[in-house]
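Numbering (our numbering), first residue to last: 2 to 443.
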């Protein structure tokens, strides 16, 4: 049946090729078993944004770095993971007036070398530190009472004020001394970090990535960073914003915006929502009821289904799960299990995944194809082809087009990346993501 197959994609795939795979599997093969590695890198950030603000979007941009008086880097070795952004941070430090950089990291990394304050701690205990920082903000009058009263809800309806009192009572247990005891950090460092972050009249920006996201309490860690901005009112202003640093170049553009996850459809639509499914079916020109109403298998569930023999065939594009999955050795056995049919489109061979595949299709590299990326601040940019692919390598979009034709769904997929972009603009029209005017030429 349809759910015996799955597609595992990537935040490194171009938007149009990710869209082609999503449309083929959900609209052609009628399975929602479409997921990708952004599930691993950004799921905690997504759930953190949604549970705090109701929307999966950072409200800031890279330019906020140029206006930030204080930068809190937590769960990110920015120097090595985001070197261009790090250069901008360093430039702000060098040219701004009394700019402070706080780094929360168990390790001493190249990033921590530029820090005015590096707080080291036992891994996993930074939740206590973030709560203790909030404790200090309230205790020393560094919160913005007017902003809290006007803009924040700590609970539902009439319970809001009581919930604020409950929150303060909760924080009371997280004194800097208690957090130091739990984390191994110094109490005076926690106090200093909170004072710098909360200082009146100065802006504060936070940045984080996998250190907060790839962990069992990642959503909570994200929530606690947001809390610091909300109670101080340092949000939605130049230089004051929480800002997640995306793990991959197109995790937000092709996968999250484009709906290439097991529970999503393009541009904020949910598979479980009947109205959303009907909208996409109409835009895709497929019969009503084509898109299955039940969300598909998310990443780890997908590989467990492959392990159990419930998933018979898996198409892997632009990623290397045999290397990068948690408990990789377990899922390597699933990939090479007898009866599991694995296809990999890959620019390199062998990789720890392609060496286990039944079929390896040579894919073009980023410089050998054209398409759109969506970066961390939610801008889209067109990547133009610089050179022709070598040998038998082809863009993933062309490979997927051929697959669709051989499966009898050739008419379903757009003929070119340009045509795919026009479809995406139509799908986004009228949504919060509307970029109708962003033609290919523009």
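The C-beta atom is built at its ideal place from N, Cα and C for all residues, glycine as well.
Treat the numbers as computed from the prediction; the structure is a model and nothing was measured.
When only Cα atoms are considered, residue 103 and residue 23 end up about 41 Å apart. Taking each of 247, 310 and 262 in turn and checking the Cα distance to residue 43, the smallest one comes out for 247.
For the pair of segments examined, the stretch 27–46 was found not to touch the stretch 69–78: the number of CB pairs separated by less than 8 Å stays below three. For residue 211, the enclosing alpha helix (DSSP H) starts and ends at 211–214. Here DSSP, grouped into helix, strand and coil, assigns residue 236 to coil.
Per DSSP, residue 264 lies in no alpha helix (DSSP H) and is assigned neither H nor E. 28 is the residue among 14, 16 and 28 whose C-alpha sits nearest the C-alpha of residue 409. Secondary-structure assignment with DSSP links residue 346 through a beta bridge to 318 and 362.
Rounded to the nearest whole angstrom, the CA to CA distance from residue 438 to residue 244 is 27 Å.
Cβ neighbours of residue 250 within its own chain (closer than 8 Å, five residues either side excluded): 12, 13, 374 and 376. Spanning the alpha carbons of residue 293 and residue 412 requires a straight line of approximately 20 Å. Taking the C-beta atoms as reference points, residue 128 is found nearer than 8 Å to residue 221. The DSSP-derived three-state label of residue 204 is coil. Excluding residues up to 5 positions away in sequence, 102, 103 and 104 lie with their Cβ nearer than 7 Å to the Cβ of residue 116 in the same chain. In the structure shown, residue 410 falls within a coil segment according to DSSP collapsed to helix, strand and coil. A straight-line Cα-Cα distance of about 21 Å links residue 429 and residue 62. Taking one beta carbon from each stretch, the stretch 179–187 and the stretch 137–148 have fewer than 3 pairs nearer than 8 Å; the two do not touch. By the Cβ-count criterion, residue 423 is exposed, with fewer than 16 other Cβ atoms from all chains shown falling within 10 Å of its own Cβ. Shown here for residue 55: not one same chain residue has a beta carbon closer than 6 Å to its own, the five before and five after excluded. Around the beta carbon of residue 274, a 10 Å sphere encloses fewer than 16 other beta carbons of the protein chains shown; the residue is thus reported as exposed.
Contact between the stretch 295–311 and the stretch 262–270 is present: 3 or more CB-CB pairs across the two stretches fall below 8 Å. In this structure, residue 317 lies away from residue 39, with their beta-carbon atoms at least 8 Å apart.
For residue 109, same chain residues with a beta-carbon under 8 Å away, outside a window of 5 residues either side, are 119 and 121 in chain order. Of the candidates 372, 285, 194 and 417, the residue whose Cα lies closest to the Cα of residue 141 is 194. Of the residues assessed, residue 235 falls on the buried side of the cut-off, its CB having 16 or more other CB atoms within 10 angstroms.
Under the three-pair Cβ rule at 8 Å, the stretch 276–287 does not count as touching the stretch 77–85.
In the three-state DSSP reduction, residue 242 falls in the strand class (E or B).
Counting the other CB atoms within 10 Å of its CB gives residue 124 a total below 16, which places it among the exposed residues. If you draw a 10 Å sphere on the C-beta of residue 396, you find 16 or more other C-beta atoms in it, and that means buried. DSSP places residue 284 in the helix class (H, G or I) of the three-state scheme.
As computed with DSSP, residue 36 is found in a beta bridge with 9. For residue 83, there is no enclosing alpha helix (DSSP H), as DSSP marks it with neither H nor E. In the DSSP assignment, residue 105 falls within the unbroken beta strand (DSSP E) covering 101–105.
Taken atom to atom, the span from the alpha-carbon of residue 272 to that of residue 289 is near 14 Å. Shortest Cα-Cα distance from residue 417 to any of 390, 372, 381 and 384 involves 372. Bounds of the alpha helix (DSSP H) holding residue 152 are 146–152.
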